[in-house]
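Visitor:
Residue numbers (the numbering used here), protein chains in the order written: chain A, 1 to 167; chain B, 1001 to 1167.
(1) At a CB distance below 8 Å, what residues from the region 1038-1052 of chain B approach chain A? Give them in sequence order.
(2) To the nearest angstrom, report how far apart residue 48 of chain A and residue 20 of chain A are at their CA atoms.
(3) Taking just the CA atoms, how far does residue 67 of chain A sit from residue 153 of chain A?
(4) Hey, would you say residue 85 of chain A sits closer than 9 Å to residue 1056 of chain B, going by beta carbons?
(5) Using three-state DSSP, classify residue 40 of chain A as helix, strand or coil.
(6) Residues of chain A with CB closer than 9 Å to the CB of residue 1131 of chain B, please, in chain order.
(7) Report the neighbours of residue 87 of chain A on chain B: residues whose CB is nearer than 7 Å to its CB, in chain order.
(8) For residue 1144 of chain B, count neighbouring Cβ atoms within 10 angstroms of its own Cβ and tell me buried if that reaches 16, exposed if not.
(9) Alpha carbon to alpha carbon, what distance is there between residue 1 of chain A and residue 1045 of chain B?
(10) Do the region 1094-1102 of chain B and the region 1133-1142 of chain B make contact, defined as three or more Cβ pairs closer than 8 Å?
(11) So does the region 1111-1126 of chain B actually touch the region 1008-1017 of chain B, counting three or more Cβ pairs closer than 8 Å?
(12) Using DSSP bridges, identify the partner residues of residue 62 of chain A.
(13) Nearest CA to the CA of residue 3 of chain A: which residue from A:159, A:166 and A:167?
(14) With a 10 Å radius around its C-beta and 16 neighbouring C-beta atoms as the bar for buried, classify residue 31 of chain A as buried or exposed.
(15) Starting from residue 122 of chain A, follow its DSSP beta bridges and name the residues at the other end.
(16) So residue 1061 of chain B contacts chain A; which residues on that side make the cut at Cβ distance below 7 Å?
(17) Taking 9 Å as the CB-CB limit, is residue 82 of chain A close to chain B?
(18) Say whether chain B places a C-beta atom closer than 9 Å to the C-beta of residue 109 of chain A.
(19) Residues of the region 1001-1024 of chain B in Cβ contact with chain A at a cutoff of 8 Å, in chain order, please.
(20) Can you look up residue 161 of chain A in the DSSP assignment and give me helix, strand or coil?
(21) Can you name the residues that DSSP bridges to residue 1048 of chain B?
(22) Taking Cβ positions only, does residue 1098 of chain B come closer than 9 Å to chain A?
(23) Hey, could you find the ends of the alpha helix (DSSP H) residue 1101 of chain B is sitting in?
(24) Check whether the Cβ of residue 1064 of chain B lies closer than 9 Å to any Cβ atom in chain A.
(25) Answer with buried or exposed for residue 22 of chain A, where buried requires no fewer than 16 other C-beta atoms within 10 angstroms of its C-beta.
(26) Residue 1081 of chain B to residue 128 of chain A, Cα distance in whole Å?
(27) Measure the CB-CB distance between residue 1037 of chain B and residue 109 of chain A and report whether it falls below 9 Å.
(28) Looking only at its chain, what residues have a beta carbon closer than 6 Å to the beta carbon of residue 1016 of chain B, apart from the 5 residues adjacent to it on each side?
(29) Short of 8 Å in beta carbon distance, which residues of its chain neighbour residue 104 of chain A, apart from the five on each side in sequence? Order them along the chain.
(30) Who are the near neighbours of residue 1087 of chain B in its chain, counting only those whose CB is closer than 7 Å to its CB and skipping five residues on each side?
Here is the structure:
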């Protein structure tokens, strides 16, 4: 068994492009003035990929408990049929832990990011990701994912000792 | 020309049922414990109706300017192909002005609600509704609606003097 320590880097559209969308107003190109000048529409912020195999879009809220540091990473998951979007309702950072879709995840393949409080993420179909790593008690997230009866979650468990220190 | 003054009532699932969903954690029945006990999933909070005529789900953010009171209601709109969901990112109330779908809206048919800061709304297809009536500068809303090239917005303008006083 090997020990791994993960340290987060700030999330950006550039460093997250292989894994999905950074959902944010900042740097978004398609802004539309609507409602007689009263509203700016930041249009189509994520590549929602929810409809394969008769999937339906779902709108949910996840209410999270914060992790305790040092946090041990035990399991990672993916959704083979759909993307999954998370957006914080509390303007607080959270951690994003991912691995590429092509192969089974290994400790070496994990990438850890931290959001800036105004960012959400939309994982591409099949991207390995940790469940929400929340830093604050009772932090709520909007989650847009796929509804349907088909199995849509794989998990891989790690034997190695993979730790996120205090952030 | 007749004068109308609208006063809001608190929004609830019961009084909004004809117009769409109140999107809120409170009173929601389908709560799932997931992520090894770290997360409560408030599952499927709105009847998203976005896929007719090859529609695609869109995830957007609307950045609003507040209205100035007394506010004159001049126009109301509907989307004949889809629902439209609004959820505030700032935990602040907003006003919701609607009319039933069956007929063209008249001043007498308008209903005005105020949210409690933890509520969003999801208008049913064809429900007449005012554009976002925001009360605070820079209030952001998540909006889930339909993407597609088809025309999906009708508007009706009022001749009468319809006013919302300070709330």
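All C-beta atoms, glycine included, are put in the ideal place defined by N, C-alpha and C. Keep in mind the model is a prediction, meaning the values are calculated, not measured.
Guide: Taking the geometry as given:
(1) 1038, 1039, 1040, 1041, 1042, 1043, 1044, 1045, 1046, 1048, 1050 and 1051
(2) To locate residue 48 of chain A, count along the first chain from 1; it is residue 48. To locate residue 20 of chain A, count along the first chain from 1; it is residue 20. If I take the Cα positions, the gap works out to 10 Å.
(3) For the purposes of this step, residue 153 of chain A is taken as the residue at position 153 of the first chain. For the purposes of this step, residue 67 of chain A is taken as the residue at position 67 of the first chain. Approximately 22 Å, taken between the alpha carbons.
(4) Numbered from its first residue, the first chain carries residue 85 of chain A at position 85. Numbered from its first residue, the second chain carries residue 1056 of chain B at position 56. Not in contact: residue 85 of chain A and residue 1056 of chain B (Cβ atoms no closer than 9 Å).
(5) Numbered from 1 along the first chain, position 40 holds the residue referred to as residue 40 of chain A. Looking at residue 40 of chain A - three-state DSSP - the assignment turns out to be strand.
(6) Position 131 of the second chain, counted from the start, is the residue given in the question as residue 1131 of chain B. Here the neighbours are 34, 35, 36, 38 and 39.
(7) Within the first chain, numbered from 1, the residue matching residue 87 of chain A stands at position 87. In chain order: 1142.
(8) As a working note, residue 1144 of chain B is residue 144 in the second chain. The residue is buried, with at least 16 neighbouring Cβ atoms inside 10 Å.
(9) By one-based count along the second chain, residue 1045 of chain B stands at place 45. By one-based count along the first chain, residue 1 of chain A stands at place 1. The straight-line gap from Cα to Cα measures roughly 43 Å.
(10) Touching, yes.
(11) yes
(12) Here residue 62 of chain A corresponds to residue number 62 of the first chain, with the count starting at 1. A:141 and B:1041, per the DSSP bridge assignment.
(13) Translated into positions along the first chain, residue 3 of chain A becomes position 3. Checking every option, the nearest Cα to that of residue 3 of chain A belongs to A:159.
(14) On the first chain, position 31 is the one that residue 31 of chain A refers to. Exposed, because fewer than 16 other Cβ atoms sit within 10 Å of the Cβ of residue 31 of chain A.
(15) On the first chain, position 122 is the one that residue 122 of chain A refers to. According to DSSP, residue 122 of chain A bridges with A:21 and A:85.
(16) Counting from 1 along the second chain, the entry for residue 1061 of chain B is found at position 61. Residues of chain A passing the Cβ test: 25, 42 and 45.
(17) What you label residue 82 of chain A is simply residue 82 of the first chain in a count that begins at 1. With 9 Å as the cut-off, residue 82 of chain A does not count as an interface residue toward chain B.
(18) As a working mapping, residue 109 of chain A is identified with position 109 in the first chain. Judged by the 9 Å Cβ criterion, residue 109 of chain A is not in contact with chain B.
(19) 1023
(20) In the first chain, the residue the question calls residue 161 of chain A occupies position 161. Strand, per DSSP.
(21) Counting from one through the second chain, the residue named residue 1048 of chain B turns up at place 48. According to DSSP, which records beta bridges pairwise, residue 1048 of chain B is partnered with nothing at all.
(22) Residue 1098 of chain B sits at position 98 when you count from the first residue of the second chain. At least 9 Å separates the CB of residue 1098 of chain B from every CB of chain A.
(23) Taking the first residue of the second chain as 1, we reach residue 1101 of chain B at position 101. Counting along the chain, residue 1101 of chain B falls outside any alpha helix (DSSP H), and DSSP gives it neither H nor E.
(24) Numbered from its first residue, the second chain carries residue 1064 of chain B at position 64. Yes, residue 1064 of chain B counts as interfacial toward chain A.
(25) Position 22 of the first chain, counted from the start, is the residue given in the question as residue 22 of chain A. Buried is the call here.
(26) Here the question's residue 1081 of chain B lines up with position 81 in the second chain. Here the question's residue 128 of chain A lines up with position 128 in the first chain. Cα to Cα, residue 1081 of chain B sits roughly 35 Å from residue 128 of chain A.
(27) Translated into positions along the second chain, residue 1037 of chain B becomes position 37. Translated into positions along the first chain, residue 109 of chain A becomes position 109. No, they are not a contact pair.
(28) For this step, residue 1016 of chain B is matched to residue 16 along the second chain. These residues qualify, in order along the chain: 1022.
(29) Translated into the one-based positions of the first chain, residue 104 of chain A becomes position 104. Excluding positions up to five away in sequence, the list reads 156.
(30) Indexing the second chain from 1 puts residue 1087 of chain B at position 87. Only 1023, 1120, 1141 and 1142 meet the Cβ criterion.
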